[in-house]
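The listed protein sequences derive, respectively, from chains A and B. In this text, residue positions in the first sequence follow the working numbering: the first is 1, and each later residue adds one. In this text, residue positions in the second sequence follow the working numbering: the first is 1001, and each later residue adds one. The block underneath contains the structure these notes are about, expressed in structure tokens.
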Amino acid sequence: MSSIYETSSQLLPPEPSLLRAIKGVMFGRPGTIAAVVIIAMLVIVAVLAPVLAPYDPLSQSMLKINRPPSWANWLGTDQFGRDVLSRMIYGSRNSLIFGLISPFSAALIGTTLGVIAGYFGGIIDRVISRVVDLLLAFPELLLAIMIAAVLGGGFWNVIIVITIAFVPGFARVARAQTLSIKHEPYVEAAISVGVRTPVIIFRHIVPNIMAPIVVLMMLWVASAIRLEASLSFLGIGTQAPNPSWGNIIKDGLNNIFGSPWPIIGAGTAITLVVLAFNLVGDAVRDALDPSTSQ
Amino acid sequence: MSRYLLFRLADAVPTVFLVLLLVFIAMRILPGDPAIAALGDMATAEQLALFRERMGLNDPLWLQFIMFVKGVLTLDLGNSMMSNQSVVGLILYNLPYTIELTIVAMLMGLAAGVPLGVLAATHRNKLPDSGVRVFSLVGYAIPDFYLGALLLITFALNLGWFPINGGGTDFASRMYHVFLPALTLAFVKAAFIGRLTRTSLLEVLSKDYVRTARAKGVQERRVIYRHGLRNALLPLTTGLGLSMLATLSGSVAIEMVFNRPGIGKLLINAIAERDYAVIQGGIVVFAMFVVVINLLMDLLYIVVDPRIRMN
């Protein structure tokens, strides 16, 4: 037994590790390195917000409204005299939290639905697929706006809204993947020796369809950050006075004659962070599926 | 072809029904009492009871759903609780502005995006290609409401070339008012369409018939436009539908930025005022937009690809 194992390991080249493939693509392009640096900075700023922010993001002062950028207030102050930079630093927390939690919870729910539909088939599949197909016809932003219109804003509602907006995409991928491996010999073998269905799903199917799900999750971190910003800008996301990059722009637009700096600061931050996550997402996708890179 | 058309139209009916069912479920069954949502936490029990009675919220759910579908079909979505105007009237007033914005933005996006895509595909891995790539990366990343705010500050507020709000009255002033908002949405569109055109054109240009055309000495220009672009149109049509829906979702924020009338602004203001009937109406309109645009795109396939016409 051991001799067979040794021979085969000599004949077959070692499989390239996934981590190494990702590393190779990520650090092979200058743009991606910059993106990783931006994301690292975002994480540091979000975690250390109370230490880094020069002022309390909520403290107002009638004495210093609409100040232009200065040494005391690097990005000036808004119409309530709040320090824009401090609000942006605290706002980064929202972006990071929603950007990470929503794709993850959507992946959890969507994958479950997709695997159930693909594995059991029949009427369950028909119902789930029809609803998923219908929801996929809606752009995520529109779906999110429509659901937020009903639910209203606030922390948990934003998570629910973005999660629902992403669920159909995960469900479709998970269903397709499940269908393609359902009749693999190892699944049929498990069924024929009487392994219980939940064990088959979680031991034999889910681990084997994870790669595309993880890629999708990476790609949607950027979308989630954009969505949260858009919802907060529309007033149905993070609620005032809590800072979010989206509602900083909303406040800035209401005070457009006062100071353009909140808009410029928060807008640039969103753009850079979304760009960075997009680049890293693309890199991870290319690493896992070289055929997509052109 | 007429059979395909009929089939596609018939298929839209259950879709519309399902969309209405989902909207209904969202409005009635999701956590949160519509009466409290509409009147606020401070409302008295009598006010809440009166509201439920007036909106038919005490009826059994199936009856509420039938009344809701009937309302949509007979174009009666109730009255706004704020202004007491009919919801359908409000929608009809705002609808042209949103459609106008979406169409102008799409046209501008196509006019810029397709040539950019051709340029990138014909100069693959050279400077124009990298330029288009950077442009599309930025176009994907920049939030449209931020870009809109920048354009508003620069061209309307500081330079005074364009109006800072409103929708305009006659045709000329409406085009004048729609220019900056449409340009904002078109920027993102152009990035998307450019990338899509590049990808599908590159794919087509590697086909055998393109090599044949070149081998027999057809002019390169003619190869690109007649043999290449024509066949790259089909994937582009799919992208066009998606892009149009994305433009529509973007129009919500853009209408807020430029303070112009439209369905998005109607919906967002209704949410702020907790105007239940208008919120429901706005959601129905957006849902119908999605169904209709998908239908139109399927019909456009027939025009673009004769092969579908045959089967």
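The beta carbon of each residue, even a glycine, is placed where N, CA and C say it ideally should be. None of these values were measured; they are calculated from a predicted model.
Am I right that residue i and residue j are in contact with their C-beta atoms under 8 Å? What's the rounded C-beta distance?
i: I236/A; j: Y119/A; result: Actually they are not in contact, since the Cβ atoms of I236/A and Y119/A sit about 36 Å apart, beyond 8 Å.
i: L1266/B; j: V1278/B; result: 7 Å
i: G1241/B; j: I1293/B; result: 6 Å
i: V1019/B; j: A1287/B; result: 5 Å
i: V1204/B; j: R1214/B; result: The pair is not a contact, with the Cβ atoms about 13 Å apart (cut-off 8 Å).
i: G1250/B; j: G1194/B; result: 17 Å between Cβ atoms; not a contact.
i: A1191/B; j: S1136/B; result: 4 Å
i: I109/A; j: V150/A; result: So it is not a contact: roughly 19 Å between Cβ atoms.
i: A1105/B; j: T1212/B; result: Actually they are not in contact, since the Cβ atoms of A1105/B and T1212/B sit about 39 Å apart, beyond 8 Å.
i: A49/A; j: I97/A; result: 12 Å between Cβ atoms; not a contact.
i: P1235/B; j: L1196/B; result: 7 Å
For residue i, which of helix, strand or coil comes out of DSSP?
i: N73/A; result: coil
i: D1011/B; result: helix
i: S1086/B; result: strand
i: N1165/B; result: coil
i: T7/A; result: A caution first: T7/A carries a pLDDT of 49, below 50, which makes its placement in the model unreliable, though a value can still be read off. The answer is helix: DSSP assigns T7/A an H, G or I state.
i: D133/A; result: helix
i: N1079/B; result: strand
i: D1144/B; result: helix
i: D83/A; result: strand
i: R1226/B; result: helix
i: L288/A; result: helix
i: T1237/B; result: helix
i: M218/A; result: helix
Go ahead and label residue i buried or exposed: buried means 16 or more other beta carbons lie within 10 angstroms of its beta carbon, across all protein chains shown.
i: H183/A; result: exposed
i: D1275/B; result: buried
i: F1007/B; result: exposed
i: D1170/B; result: exposed
i: F1187/B; result: buried
i: F1017/B; result: exposed
i: R196/A; result: exposed
i: A1172/B; result: exposed
i: Q1219/B; result: exposed
i: K1070/B; result: exposed
i: P1181/B; result: buried
i: Y1225/B; result: exposed
i: I248/A; result: buried
i: L1061/B; result: exposed
i: G1056/B; result: exposed
i: R126/A; result: exposed
i: A222/A; result: buried
i: L227/A; result: buried
i: M1/A; result: With a pLDDT of only 43 at M1/A, under 50, the local geometry of the prediction cannot be trusted, and the value read off the model is given with reservation. Exposed, by the Cβ-count rule.
i: P198/A; result: exposed
i: I191/A; result: exposed
i: E1100/B; result: buried
i: L275/A; result: buried
How many Å lie between residue i and residue j at the Cα?
i: I1254/B; j: I33/A; result: 33 Å
i: R1260/B; j: T178/A; result: 47 Å
i: I128/A; j: G114/A; result: 8 Å
i: I123/A; j: L1299/B; result: 30 Å
i: G99/A; j: D286/A; result: 21 Å
i: L1005/B; j: L141/A; result: 30 Å
i: A165/A; j: I209/A; result: 21 Å
i: F1316/B; j: S1200/B; result: No answer is possible for residue 1316/B: the residues shown for chain B start at 1001 and end at 1311.
i: T7/A; j: V187/A; result: A caution first: T7/A carries a pLDDT of 49, below 50, which makes its placement in the model too unreliable to give a value.
i: S1002/B; j: M1297/B; result: 16 Å
i: S102/A; j: M41/A; result: 21 Å
i: V1291/B; j: H1123/B; result: 38 Å
i: A107/A; j: I264/A; result: 33 Å
i: A1035/B; j: F1051/B; result: 6 Å
i: I39/A; j: F104/A; result: 18 Å
i: I4/A; j: G281/A; result: Note that I4/A scores a pLDDT of 48, beneath 50, so its modelled location is shaky; the value from the coordinates is reported in the next line. Looking at the two C-alpha atoms, the distance is approximately 40 Å.
i: L231/A; j: T238/A; result: 8 Å
The ligand GTP heavy atoms versus the CB of residue i: any closer than 7 Å?
i: R67/A; result: Absence of the ligand GTP from the depicted structure is noted, as is the absence of any ligand whatsoever, leaving it without description.
The stretch 224-241 of chain A: which residues have C-beta closer than 8 Å to a C-beta of chain B, in chain order? R226, A229, S230, F233, L234, G235, I236
Can you list, in chain order, the residues of the stretch 1272-1288 of chain B whose Cβ is nearer than 8 Å to any Cβ on chain A? A1272, I1279, G1282, I1283, F1286, A1287
Along the stretch 275-288 of chain A, where does the CB come closer than 7 Å to a CB of chain B? Name the residues. L275, N278
Got a sec: which bits of the stretch 1200-1225 of chain B sit with their beta carbon under 9 Å from any beta carbon on chain A, in order along the chain? L1202
According to a CB-to-CB cut-off of less than 8 Å, which residues of the stretch 104-134 of chain A neighbour chain B? R130, V131, L134
Short of 7 Å Cβ to Cβ, which residues in the stretch 256-270 of chain A face chain B? I256, P260, I263, G267, I270
Closer than 7 Å, Cβ to Cβ, to anything on chain A: give me those residues from the stretch 1166-1183 of chain B, in chain order. none
Near-chain A residues of the stretch 1223-1249 of chain B - C-beta to any C-beta below 8 Å: L1242, L1245, A1246, L1248, S1249
Name the residues in the stretch 138-152 of chain A whose C-beta lies less than 9 Å from a C-beta of chain B; which are they? F138, P139, E140, L141, L142, L143, A144, I145, M146, I147, A148, A149, V150, L151, G152
Please name the residues in the stretch 1086-1103 of chain B whose beta-carbon is closer than 7 Å to at least one beta-carbon of chain A, in chain order. none
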